[in-house]
Every structure is written in C-alpha cells, then in structure tokens.
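Student: Dropping a structure here in structure tokens format, bear with me for questions.
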Amino acid sequence: MPNAQCPIPKFTIQSCQECIAYDKSKMTKAKVVWTKQLGSAESDMSHGIATDSNGNVYITGSTKGDLGGPNQGENDAWVAKYDGEGNQQWVKQLGTDGNDMAWGIATDSSDNIYLTGYTTGSLEGSNAGGHDAWIAKYDSNGNKIWLEQLGTAGDDKSYGVATDGSGNIYISGGTTGSLEGSNKGDYDAWVAKYSSDGKQQWLKQLGSSQEDSSWGIATSESGDIYITGRTTGSLAGDAEGFDAWVAKYDSEGNQQWIQQLSSSGQDYSYGVAVDSSGNAYLTGRTTGSLEEEGRNAGAFDAWIAKYDSEGNKQWVKQVGGLKNDFAFAIALDSSSNAYISGCTQGDLAASNQGGWDAWVAKYDSKGNEEWIQQLGSSGQEFSWGVVVDDSGNIYATGHTTGTLEEGSSNAGSYDVWITKLSEE
C-alpha cells in the first residue's frame, strides 16, 4: 500500500533522451480563491474531501497531534467542516490507543457525513486482529451517530466510501483475511453495503492468487457501484507487475463486469467517479504507456481513463514530465467534466516550488485537457482529494510541510490544507 506522503518509488525508470517533457505552454484557466491550513505540532494529513447541499466542505485524514481533541494514541482519525468561504465550523477527532486512520469521506442528501478507514484499536467492539476496517456516520453538526468496525484475524483496510440516492453507504478496501468466503491469496479486494442506520446489507470479496486491493468507489444514479484499485494477479487479464482495474456491481452485490488496464510498466488506480450516463472515470499513475500511441514521459505519469456503462474503454490520457507525477483523486461536475488531483516532482503548470508540488487538472468528457493548476511552496505538497460542488466550485485537499495559506505558518511537520479554485 502506498504511503500517504506521496513517496518517491523505490525503483526508477530511466528516461530516454528523446522523451519530451510535458507541454505547459497553455495558460491555466483556474485560480486559487482561498487556501486554509490546519495543523498541530505533529504530523497532520488529509486524505479525502466532500461537499454538502448547502455549499459546505468536509475533509478527513489522520493526525499524530491534537486537531479536535487530545490524541488517544498513535494516529487518530479526524474530520473538519468549512463553509464555502473557508471559515472553519468544527473539527472532530476520533481515536484509540492504537493506529486510527481515516481515508474516505462522503455525504448523503440529508447532509450526513460518512467516514471510512482502518484501525489497530477498538473503535467499536474488539479488534479482530491486525487492522480492522471501520465506517462512521456524523451529522452536519459533527455529532457521531454510529460507528461499525469490520475485521478478521488478518489485515482489513478500507479506503473509499460512497452513498446512493436511497441513503445506503458503500465502502471498499483490501483484506488478507476472509471477510466473505475464503481469501484467494495475499490481499483480496472487497466491497460492502450498509443501510443508513449502520446495518451491513452484504459484503463481496474479490481476488486472485496475488495482491488485489480497492482504493476508490463511486455510485451511479441508477444505484450501481463501481470500485477500482490495483492487482498483481489476473482479475480480468494477465498482470505485468501491477495492473489497474475497475469493476461494476449492482445494488444487490452482483458483479456486472470487471476490466483490467495494463501496460508493460506498473499501473495503479486510486479514484473513480461516475456520470449521469453510467460512464466511469478512473485515475492513477503508471510507469508505462496506457495511452494508445503515447509513451511515458519519465518515471511515473498520471493518467485518466473513461469506460462506458458496459465496461468498454473509451479513452485513456496520460500526463507527466520527466519526473514523477501521481494522480490520486477524481471528481465530476454536472457536465461530465473530470477533475483530478495529485502531486508532482516536475513542472506540470509552473516551476516546481520545492520537491513535491500538488496539482489539479480539468478534462472534458472526451479526454481533452482544459487546464492544470500547480500548488506549491518551498516545502512538500501532496493532494489526495478533489471535489466539485453543485455550483461548480472546485475544492482540493492534501498536506504540506510548507506554508500554502497566505499570512500563516506551518504548525509543525505536515499540515493539512484545503483550497478553493474557480475558473477564469
């Protein structure tokens, strides 16, 4: 599982001399409206973002410090609410004496908030062994409504959460145990459905004899569920190292199809979003060439792909320079424009400010890049979340060792940041 700090991979791909750096000649069409920074004297990280019907924004992640109460152990989970002007409304912290991580966040039509992640402690009941997955519901005032813990004697981790129009909640992740049936080998991917009162409706486990995990999840207007992740096995083809994959399930947990996306390099998928026609958009990183007639610009490139509702690949677009470029999150607006965010060691839209910079890019439904915005300081910036609200406002979140908010300073180690963008 990749480190939340967007690390440099342990292996590198030597770029050929004729490789052309990413063309950043187009002026960006996005501007930063505001940026807010949140931190303690310890390490604070943000992994997910969501909005509600009133234009509020919610972010979630992990902290070793005291963001919304005293730290209970190692990492604690947390969730924070901001209004559309960047004013913080509240921060809540959740933890045990173990390691408690929050990765995914979603809201429902009643503006309830759902978090998911994993813990080595006992957030609800007893830990089954290793890491347990968990899902929690909060109201819009930050009151915890319920929390459910899910585990085996192995490691069980949850990274993504989504809701449907009927108030059901879906989470997905990876397990070395047997949450449903028997483990096929190493990590298996899984997806589970919960009712609005926290009762599990079903759970499905998906695996090969190799490593399989799910990082992203989304629902369609018709109630179908899409999950995406990475595999070293054969879920829908033969893997060459790590392959990306995407699968569709109906609301009863029946798998409709699964597709594997691969190159001769290492291919990872982290995020998925679904438009009103049931088309699925994925994003991730690759050391290969996923785009037809394209080639890798150097090291890891970011990529975005579109599949139709039947699982047919429509297009793949790759973006990158000579250095590492990662994409971790994706969101859609009402016109099926896609927004992806991640981190780069290069100059995707501006000169790199120091090591890693965060970035956000917009693509239309045909895969044409509209703009890209790079966010950086003299420190290290990473983005793990992007979302678009009903009014078309774009928000991104992540963490930084520097100072992104004007007039503020880093509180210590990694600070959380949230940025609002608008199109010029």
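Position in the sequence shown counted from 1, then plus 304, gives you the numbering used here.
No residue lacks a Cβ here, since even glycine has one placed at the ideal position from N, Cα and C.
The structure displayed is predicted, hence computed values, not measured ones.
Classify T707 as helix, strand or coil using the three-state DSSP reduction.
Tutor: T707: coil per DSSP, three-state reduction.
Student: Mapping the DSSP letters down to three states, classify G533 as helix, strand or coil.
Tutor: Three-state result, G533: strand.
Student: When burial is assigned at 16 or more other CB atoms within 10 Å of the CB, is D694 buried or exposed?
Tutor: Counting Cβ neighbours within 10 Å, D694 comes out exposed, since fewer than 16 surround it.
Student: In terms of residues, what are the limits of the beta strand (DSSP E) holding G541?
Tutor: Segment: none, G541 is in no beta strand (DSSP E) and carries neither H nor E.
Student: Quick check: what's the CA-CA separation for G433 versus L510?
Tutor: Taking the straight line from one Cα to the other gives about 21 Å.
Student: Under the rule that 16 or more other beta-carbon atoms within 10 Å means buried, what is E709, buried or exposed?
Tutor: E709 is buried by the Cβ-count criterion.
Student: With respect to the beta strand (DSSP E) encompassing L649, which residues constitute its N-terminal and C-terminal limits?
Tutor: Checking the displayed sequence, the identity of residue 649 turns out to be Gln instead of Leu. First-last for Q649: undefined, no H or E at that position.
Student: Which runs of the beta strand (DSSP E) spanning at least 3 residues fall entirely within the region 556-633, listed in chain order?
Tutor: Listed in chain order, they are 559-565, 571-578, 584-590, 605-611, 617-623.
Student: Check for me: the beta strand (DSSP E) holding Y362 runs from which residue to which?
Tutor: It spans 361-367 - the beta strand (DSSP E) in which Y362 sits, taken as one unbroken run.
Student: Short check: CB of S645 to CB of A631, under 8 Å?
Tutor: Yes; because the gap between Cβ atoms is below 8 Å, this pair is in contact.
Student: Could you check the C-alpha separation between T420 and G625 for me, to the nearest Å?
Tutor: Whole-angstrom Cα-Cα distance: 33 Å.
Student: How would you write the range of the beta strand (DSSP E) that W660 sits in, first residue to last?
Tutor: Where W660 is concerned, there is no enclosing beta strand (DSSP E), given that its DSSP letter is neither H nor E.
Student: Considering L419, what are the terminal residues of the beta strand (DSSP E) in which it resides?
Tutor: Element bounds for L419: 417-423.
Student: For Y699, does the three-state DSSP call read helix, strand or coil?
Tutor: Y699 falls in the strand class under three-state DSSP.
Student: Mark D554 as exposed unless 16 or more other C-beta atoms lie within 10 angstroms of its C-beta, in which case mark it buried.
Tutor: D554 should be labelled exposed.
Student: Within its chain, find whatever has a CB closer than 7 Å to the CB of D443; leave out the 5 residues flanking it on each side and keep chain order.
Tutor: The answer, listed in chain order, is N416, I449.
Student: Let me make sure I understand the geometry here. Which of S581, A551, W561, A543 has the alpha-carbon closest to that of G570?
Tutor: Here residue 570 is Gln; the residue named in the question, Gly, does not match the sequence. Here the closest residue by C-alpha is A543.
Student: Which class does K330 belong to by DSSP, given the choice of helix, strand or coil?
Tutor: Note on K330: pLDDT 49, under 50, position unreliable in the model; the coordinate value appears next. K330 falls in the coil class under three-state DSSP.
Student: Check whether the Cβ atoms of N431 and G455 lie closer than 8 Å to each other.
Tutor: Closer than 8 Å, so yes.
Student: Where are the beta strand (DSSP E) runs, 3 residues long or more, that stay fully inside the region 398-455, in chain order?
Tutor: Qualifying beta strand (DSSP E) stretches, in chain order: 404-411, 417-423, 436-442, 448-454.
Student: Among S462, K368, Y474, V383, whose alpha-carbon lies nearest the alpha-carbon of E346?
Tutor: Comparing Cα-Cα distances from E346 to each of S462, K368, Y474, V383, the minimum goes to K368.
Student: Do the region 340-356 and the region 716-727 meet, that is, are 3 or more Cβ pairs less than 8 Å apart?
Tutor: The region 340-356 vs the region 716-727: in contact.
Student: Tell me, which residues are paired with Q286 by DSSP?
Tutor: No statement about residue 286 is possible, as the shown extent of the chain runs from 305 to 728 and does not include it.
Student: Measure the Cβ-Cβ separation of G373 and I363 and say whether it is below 8 Å.
Tutor: The answer is no: Cβ separation not under 8 Å.
Student: Beta-carbon within less than 8 Å of N375's beta-carbon, same chain only, minus the 5 sequence neighbours each way: which residues are those?
Tutor: Taken in chain order, the residues that qualify are E346, T367, K368, G369, Q397, G399.
Student: Is G680 closer than 8 Å to A633 when the C-beta atoms are compared?
Tutor: Their beta carbons are not under 8 Å apart, which means A633 does not touch G680 by this criterion.
Student: Cα separation between C323 and E597?
Tutor: Because C323 carries a pLDDT of 36, less than 50, the predicted location of this residue cannot be relied on, and the following value inherits that uncertainty. Roughly 14 Å between the two C-alpha positions.
Student: What residues match up with G481 in a beta bridge as DSSP calls it?
Tutor: Note: G481 sits in no beta bridge, so no partner.
Student: Which value, in whole angstroms, describes the spacing of the CA atoms of T316 and S687?
Tutor: Note that T316 scores 32 on pLDDT, short of 50, meaning its location in the model is unreliable; the coordinates nonetheless yield the value given after this. Roughly 22 Å separates the two Cα atoms.
Student: Count the CB pairs spanning the region 483-496 and the region 453-469 that are closer than 8 Å, and state whether there are at least three.
Tutor: In short, these stretches touch, since the Cβ pair count reaches three.
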